[in-house]
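Trainee: Residue numbers (my numbering): 23 to 398.
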Ligand code: OGA
Ligand code: NI
């Protein structure tokens with residue numbers, strides 16, 4: 023009866039995994055557009071959680087900068103630098119990544135144009151109640167929780183069969199192709215970085231990537247409107263990423279990202295054309311057992327970070343998350359450790375369960391990593 027296309031589409035949709043539901047909350051950009059002076063109570067943080075003038079800006083210039091060209095040619099010094107960056111910071115900036123400026127600019131423009139659309143038009147891509155793909159807010163689980171001063175468009179970009187295309191904006195024209203071009207370039211960067219991380223973990227270059235079964239890729243395009251009370255709200259609550267690695271492109275002209283380092287918040291100053299990379303929970307869960315009982319801290323950690331807002335300029339950032347296939351079992355790598363001297367901090371956990379469990383609670387530092395710890 024000519025309905026086979028519809029049936030097919032419905033079947034495809036069913037095969038696409040869902041992640042978690044999130045409660046509906048107001049659109050922040052629209053709230054600011056209607057009344058730039060008003061900051062509702064639900065966004066006002068407790069004093070101790072707020073950005074402070076004592077944030078450690080003097081450490082920003084110490085955040086490592088890695089040259090991807092040197093790294094991918096296997097230069098020892100660059101690998102060593104990466105090892106230190108992963109151990110001491112969990113965050114670094116990447117230059118010489120050869121992602122073309124054109125691809126980035128097209129994507130930046132398309133995203134900015136999307137966020138500029140009237141709310142009714144953006145809401146054509148609004149998240150469904152049971153999932154996080156689309157335009158809206160993730161990680162909202164209770165009426166009481168404090169809300170982030172941002173809106174986001176979340177898309178699964180790879181594997182392409184998992185894309186829910188009805189959430190991919192059709193305005194501006196070409197958004198899909200432009201996003202795809204950007205996503206593909208970042209995938210190349212990610213595979214290169216994961217290869218190098220595999221090497222510094224003491225494995226073959228291809229091992230860590232192979233452990234993902236299929237490297238999945240998702241994107242979160244964040245829009246942080248200006249805020250009349252920037253020292254009382256947060257653009258995004260402190261959290262560590264549930265990814266293997268995350269690659270963030272941030273606006274060159276507006277600061278916002280801060281990372282937790284030595285108990286302080288350190289702003290990550292944008293470097294022109296650089297990408298910000300961080301180690302996610304997957305790496306931490308797999309290799310934290312490197313720690314020996316006599317040492318007090320782990321080897322590579324997924325570091326807490328947050329975004330702050332400002333009064334004068336809206337900020338857009340693109341976070342690209344690289345994650346394992348849902349069925350991958352994360353567990354400490356036996357072949358890399360001596361079981362007699364090593365503290366087994368994490369237990370075996372299926373990645374798909376870990377990811378979904380983390381999305382059932384609000385973003386709250388590293389609280390979600392507890393579920394993978396031994397003894398819980
Ligand atoms: C994220 C994130 C930080 C930023 O999307 O996971 O940490 O600066 N974003 O936008
Ligand atoms: Ni993050």
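The beta carbon of each residue, even a glycine, is placed where N, CA and C say it ideally should be. In this text, all values refer to a predicted model and were calculated from it rather than measured experimentally.
Rounding to the nearest angstrom, what Cα-Cα distance links residue 133 and residue 40 in this structure?
Mentor: For the purposes of this step, residue 133 is taken as residue 111 along the chain shown, with counting starting at 1. For the purposes of this step, residue 40 is taken as residue 18 along the chain shown, with counting starting at 1. The alpha-carbon atoms of residue 133 and residue 40 are separated by roughly 24 angstroms.
Trainee: Can you tell me which of the three DSSP states residue 238 falls into?
Mentor: The residue given as residue 238 occupies position 216 in the chain shown. It is a strand residue.
Trainee: Measuring from the CB of residue 248, is there a heavy atom of the ligand NI at a distance below 8 angstroms?
Mentor: Here the question's residue 248 lines up with position 226 in the chain shown. No - the ligand NI has no heavy atom lying nearer than 8 angstroms to the Cβ of residue 248.
Trainee: Is the beta carbon of residue 212 within less than 8 angstroms of some heavy atom of the ligand NI?
Mentor: For the purposes of this step, residue 212 is identified with residue 190 of the chain shown, where counting begins at 1. No, the ligand NI has no heavy atom inside 8 angstroms of this Cβ.
Trainee: Using CA atoms only, rank isn't needed, just tell me which of 263, 156, 381 and 194 is closest to residue 14.
Mentor: As displayed, the chain neither begins before 23 nor continues past 398, which places residue 14 out of reach and without an answer.
Trainee: Can you tell me whether residue 242 sits near the ligand OGA, meaning its C-beta is under 8 angstroms from at least one heavy atom of the ligand?
Mentor: Position 220 of the chain shown, counted from the first residue, corresponds to residue 242. True, at least one ligand heavy atom lies under 8 angstroms from that Cβ.
Trainee: By DSSP's criteria, residue 287 is part of a beta bridge. Which residues make up the other side?
Mentor: Here residue 287 corresponds to residue number 265 of the chain shown, with the count starting at 1. Residue 287 pairs with 282.
Trainee: Excluding the 5 residues flanking residue 330 on each side, which residues of the same chain have their C-beta closer than 7 angstroms to its C-beta?
Mentor: Taking the first residue of the chain shown as 1, we reach residue 330 at position 308. Answer for residue 330: 73, 252, 256, 257, 278 and 280, listed in chain order.
Trainee: With a threshold of 16 other CB atoms inside 10 Å of the CB of residue 188, please say whether the residue is buried or exposed.
Mentor: Along the chain shown, one-based indexing puts residue 188 at 166. Counting Cβ neighbours within 10 Å, residue 188 comes out exposed, since fewer than 16 surround it.
Trainee: Is the distance from the Cβ of residue 59 to the Cβ of residue 286 below 9 angstroms?
Mentor: Residue numbering aside, residue 59 sits at position 37 when the chain shown is read from its first letter. Residue numbering aside, residue 286 sits at position 264 when the chain shown is read from its first letter. Not a contact, by the Cβ cut-off of 9 angstroms.
Trainee: According to the Cβ coordinates, are residue 160 and residue 44 closer than 9 angstroms?
Mentor: If you number the chain shown from 1, residue 160 lands on position 138. If you number the chain shown from 1, residue 44 lands on position 22. Their beta carbons are under 9 angstroms apart, which means residue 160 touches residue 44 by this criterion.
Trainee: Does DSSP put residue 311 in a helix, a strand or coil?
Mentor: Indexing the chain shown from 1 puts residue 311 at position 289. With a pLDDT of only 40 at residue 311, under 50, the local geometry of the prediction cannot be trusted, and the value read off the model is given with reservation. It is helical.
Trainee: Quick one: any contact between the segment 173 to 186 and the segment 88 to 101, if contact means 3 or more CB pairs under 8 angstroms?
Mentor: These segments do not touch.
Trainee: What is the DSSP secondary structure of residue 213, reduced to helix, strand or coil?
Mentor: The residue you call residue 213 lines up with position 191 of the chain shown. It is helical.
Trainee: Hey, residue 113 and residue 325 are a contact pair by Cβ (cut 8 angstroms); roughly how many whole angstroms apart?
Mentor: Here residue 113 refers to the residue found at position 91 of the chain shown. Here residue 325 refers to the residue found at position 303 of the chain shown. Yes, residue 113 and residue 325 are in contact; Cβ-Cβ is about 6 angstroms, under 8 angstroms.
Trainee: Could you please give the first and the last residue of the uninterrupted alpha helix (DSSP H) stretch that includes residue 133?
Mentor: Translated into the one-based positions of the chain shown, residue 133 becomes position 111. First-last of the alpha helix (DSSP H) with residue 133: 123 to 138.
Trainee: Beta carbon of residue 271: closer than 8 angstroms to some heavy atom of the ligand NI?
Mentor: Translated into the one-based positions of the chain shown, residue 271 becomes position 249. Residue 271 Cβ: outside cutoff for every heavy atom of the ligand NI.
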